[in-house]
Amino acid sequence: MSAKIISGKEIAAQIREELKEEVKRLKSDHGVTPGLVTILVGEDPASISYVTAKQKTAHDLGFHSIQDNQPEDISEDDLLALIDKYNNDDSIHGILVQLPLPKHIDDSKVLEAIDPDKDVDGFHPVNVGRMVIGERCFLPCTPHGILEMLIRSGVETSGAEVVVVGRSNIVGKPIANLMIQKRDGGNATVTVCHTRTKDMAFHTKRADILIVAAGRPKVVTADMVKDGVVVIDVGVNRIGKTPEGKAILCGDVDFDAIKEKASAITPVPGGVGPMTITMLMKNTVQAAKQFAGLV
Ligand code: L34
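Each step along the sequence shown adds one to the number in the working numbering, with nothing skipped, and position 46 is 1034.
Okay, here's the thing in structure tokens:
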């Protein structure tokens, strides 16, 4: 059996079409233009690529969008002051500070400086807390994108055995949390594996749905999964360059071997990545609507 390929690229394109219509209506009926600023500190090539894609998408959807590049050696105080400026700018509804930040800057301090109502990444403790108790909030973009992919490709999560590999604040913890909730894409029984898990294969072999966000290539191999598993591969590893200098990407699972066993699998590139970007747009539209008192 060869797995169905769950195309994040296609699902993301469909959601963007829906958003485009919504943005048009917001403008024509309410005079509201969603505004997004993406702040990039330093020149990490992967971060540049993600932020550029975010800006391009925002622009295509008709947002007011600003790319704010800051030098690697910006002080923490100057970065906090910049965030404060955007917190007080009524044309900006969403503020994103691309991670990782340089070592001399405290991530949590920066994320906590963002107005929770403009925290379209969903990383502020207020939004994290609201998410955990199932209140309305901005959901973090990657987990939100994974839920949408599962729902829109008809994967049954209710009662499913879900195994998450990785416990980051950005992916592992929030996706595990969302999938135990009573909600669409939820109602699953969730196990979280991490670097101290004793026998990872024991857990991954039991998974109906396996979500891998380990940040290392081929952490999960074909012998570690059961027939018919649905695999969501969150990893984006840069493993080399083509002769033309383009990055060669691979995920966290052994795609070629696992696709022969799985019932469905997400590719890298073209899987979770485009969904992450699209859910950022969805959150920004939500932020603009909330700001305008429309929801
Ligand atoms: N603040 N920092 C903040 N928010 C985020 O949501 C992110 N993340 C992660 C890194 N730091 C962040 C992203 O945006 C990872 N991430 C991200 C976003 C998009 C893609 C990958 C990671 C993506 O579009 N990947 C493409 C390939 C892109 C390429 O060629 O480099 C894909 O098809 O998977």
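Quick reminder that beta carbons are idealized off the backbone N, C-alpha and C, glycines included.
All values reported here derive from a predicted model rather than from experimental measurement.
Please return the same chain residues whose Cβ sits closer than 7 Å to the Cβ of residue i, not counting the five positions on each side in sequence.
i	result
Leu-1049	Arg-1004, Leu-1007, Lys-1008, Val-1011 and Met-1269
Val-1020	Leu-1014, Ala-1276 and Ala-1280
Since residue i contacts residue j with CB under 8 Å, what's their CB separation in whole angstroms?
i	j	result
Val-1213	Thr-1230	With a Cβ gap of about 30 Å, Val-1213 and Thr-1230 do not count as contacting.
Leu-1084	Thr-1040	The Cβ separation is near 13 Å, so there is no contact.
Ala-1195	Val-1241	That pair is no contact at about 12 Å.
Gly-1258	Ser-995	6 Å
Pro-1262	Lys-997	5 Å
Ala-1148	Ile-1199	So it is not a contact: roughly 11 Å between Cβ atoms.
Could you give the first and the last residue of the continuous alpha helix (DSSP H) run that contains residue i?
i	result
Ile-1093	No alpha helix (DSSP H) contains Ile-1093, which DSSP labels as neither H nor E.
Asn-1075	1064-1075
Leu-1007	996-1018
Leu-1268	1260-1279
Leu-1166	1160-1168
Ser-1035	1033-1048
Evaluate residue i with the Cβ neighbour count: other Cβ atoms within 10 Å of its Cβ, from every protein chain shown; 16 or more gives buried, anything less gives exposed.
i	result
Phe-1190	exposed
Ile-1236	exposed
Ala-974	Residue 974 lies beyond the range of the chain shown here (989 to 1283); nothing can be said about it.
Met-1137	buried
His-1018	exposed
Gly-1117	exposed
Thr-1045	buried
Thr-1209	exposed
Ile-1134	buried
Thr-1266	buried
His-1112	buried
Asp-1061	exposed
Ala-1069	exposed
What does a CB cutoff of less than 8 Å around residue i pick up in its chain, not counting 5 residues either side in sequence?
i	result
Ser-1146	Gly-1174, Asn-1175 and Ala-1176
Asp-1072	Ala-1101
For the beta strand (DSSP E) containing residue i, name the first residue and the last one.
i	result
Gly-1082	1082-1085
Cys-1129	No beta strand (DSSP E) holds Cys-1129; the alpha helix (DSSP H) holding it covers 1129-1140.
Asn-1225	1225-1229
Val-1120	Val-1120 -> not in any beta strand (DSSP E); alpha helix (DSSP H) instead, spanning 1113-1120.
Ile-1236	1235-1238
Looking only at its chain, what residues have a beta carbon closer than 6 Å to the beta carbon of residue i, apart from the 5 residues adjacent to it on each side?
i	result
Asp-1103	Asn-1075
Ala-1250	Ala-991, Val-1217 and Val-1219
Gly-1023	His-1052, Ser-1079, Ile-1080 and His-1081
Smallest Cα separation from residue i: which of the options?
i	options	result
Pro-1059	Gln-1043, Ser-1037 and Leu-1089	Leu-1089
Leu-1067	Glu-1232, Gly-1117, Ile-1093 and Pro-1131	Ile-1093
Gln-1055	Val-1116, Ser-1037 and Ile-1246	Ser-1037
Asp-1305	Glu-1064, Ile-1197, His-1132 and Asp-1105	This structure does not reach residue 1305, given that the chain is present from 989 up to 1283, and the question cannot be answered.
Ala-1000	Thr-1179, Arg-1140 and Asp-1242	Arg-1140
Lys-1161	Lys-1186, Met-1119, Met-1263 and Val-1224	Met-1119
Pro-1131	Asn-1271, Lys-997, Thr-1264 and Leu-1087	Thr-1264
Pro-1255	Gln-1278, Asp-1072, Val-1222 and Thr-1266	Val-1222
Ser-1035	Gln-1086, Gln-1002 and Asp-1061	Gln-1086
Asp-1032	Arg-1226, Ala-1245, Pro-1262 and Cys-1125	Arg-1226
Asn-1224	Cys-1238, Val-1178 and Arg-1184	Position check: residue 1224 holds Val in this sequence, whereas Asn was assumed. If we check each option's Cα against that of Val-1224, Cys-1238 comes out closest.
Ile-1163	Gly-1122, Ser-1016 and Asp-1215	Gly-1122
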